[in-house]
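Colleague:
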């Protein structure tokens, strides 16, 4: 039985086991269930397509980050401008947006999620409503296509962001539409002067496994003044895939 062939009986069994199933999510069934943090606490995870897509602690640590790679988004604060407005693409369970507004009271964050079913799970199981309330509305979650949002914003006179964060994936890299120089140009138009664009990539840094990373960096260099790769683990073998953050800064 594949994950896309869940029957009503399967759904009932999963629900009785404490697993919530959203069968209509865009990329296949999405499951929400608890796991142990290894120290007697609980982590609630969003699982889809064979991988954990988001996670949150369920106790007083709910605004802390479970996945270490998300900490790399804090590089946004090294921008050449004060950071007050942030846009996040591919928000999922909104782990980083919640963390951001909880720890930085000067920052507002617009979090975009293309899948309405995933956004609903974020509201129901990942403390998003609480975060919106506690931040006095500095966190806002919208169900929309991030590519179309950027295209529309780039040609408008509406707000500009001090940082734009991308956690959208197609496999281990951003979707094809987000790998081009045209995309990078649109993003740059949506940033304030000195603002930063950060996108998460799973890739080798050198060798045969780095082709898509090199393609992404070449596209970024056609637009941004500064482009660098920051690995999650600086001691890791650069020939092996790892979480990397592409950090771009506009003039």
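Residue numbers (the UniProt record's numbering): 1 to 251. We put the beta carbon where it would ideally sit given N, CA and C, even for glycine.
Looking only at C-alpha atoms, which of 57, 83, 250, 225 sits nearest to residue 93?
Modeller: Checked all of 57, 83, 250, 225; the closest Cα to residue 93 is 57.
Colleague: Please say whether residue 85 and residue 162 have beta carbons closer to each other than 8 Å?
Modeller: Contact flag set, yes.
Colleague: Are the CB atoms of residue 22 and residue 34 within a distance shorter than 8 Å?
Modeller: Contact flag unset, no.
Colleague: Distance, Cα to Cα, residue 238 vs residue 133?
Modeller: Distance between the alpha carbons of residue 238 and residue 133 is about 42 Å.
Colleague: My output table needs one value for residue 40: the three-state DSSP class, helix, strand or coil.
Modeller: Reduced to three states, the DSSP call for residue 40 is coil.
Colleague: I'd like the list of long-range same chain contacts for residue 168, defined as Cβ closer than 7 Å, with 5 residues on each side in sequence excluded.
Modeller: Hits under 7 Å: 89, 90, 146, 174, 175, 178.
Colleague: For the region 180-196 against the region 206-225, are there 3 or more C-beta pairs whose distance is under 8 Å?
Modeller: Segments in contact, yes.
Colleague: Identify the continuous beta strand (DSSP E) that holds residue 75 and give its terminal residues.
Modeller: Where residue 75 is concerned, there is no enclosing beta strand (DSSP E), given that its DSSP letter is neither H nor E.
Colleague: Do residue 116 and residue 141 have their beta-carbon atoms positioned less than 8 Å apart in this structure?
Modeller: No, these two residues do not count as a Cβ contact at 8 Å.
Colleague: Take residue 1 and list the residues in its own chain whose beta-carbon comes closer than 6 Å to its own, dropping the five residues that flank it on each side.
Modeller: Its pLDDT being 33, under 50, residue 1 is placed unreliably in this model, and the value from its coordinates should be taken loosely. Within the same chain, residue 1 has no close Cβ partners at all.
Colleague: Answer with buried or exposed for residue 87, where buried requires no fewer than 16 other C-beta atoms within 10 angstroms of its C-beta.
Modeller: Its Cβ being crowded by 16 or more others within 10 Å, residue 87 is buried.
Colleague: Identify, in the order they occur along the chain, each residue of the same chain with its Cβ nearer than 8 Å to the Cβ of residue 4, setting aside the five sequence neighbours on each side.
Modeller: Caution is warranted here: a pLDDT of 49 is assigned to residue 4, below 50, making its placement in the model unreliable, and the coordinate value is therefore given only provisionally. So the list reads 28, 29, once near-sequence residues are dropped.
Colleague: Let me know the secondary structure DSSP gives residue 229 once reduced to three states.
Modeller: Correct three-state label for residue 229: strand.
Colleague: Would you mind listing the alpha helix (DSSP H) stretches within the region 74-114 that are 4+ residues and don't spill past its ends, in chain order?
Modeller: The qualifying runs are 95-103.
Colleague: Give me, in chain order, the residues of the same chain whose beta-carbon lies closer than 7 Å to that of residue 72; leave out the 5 immediate sequence neighbours on both sides.
Modeller: 230, 232, 245, listed in sequence order.
Colleague: Going by CA-CA distance only, name the one from 135, 166, 139 that's closest to residue 149.
Modeller: Taking only the C-alpha atoms, the option nearest residue 149 is 166.
Colleague: Identify, in the order they occur along the chain, each residue of the same chain with its Cβ nearer than 7 Å to the Cβ of residue 106, setting aside the five sequence neighbours on each side.
Modeller: If we look at residue 106 and ignore the five residues flanking it on each side, its Cβ neighbours are 84.
Colleague: If you draw a straight line from the C-alpha of residue 31 to the C-alpha of residue 99, how long is it?
Modeller: Approximately 22 Å, taken between the alpha carbons.
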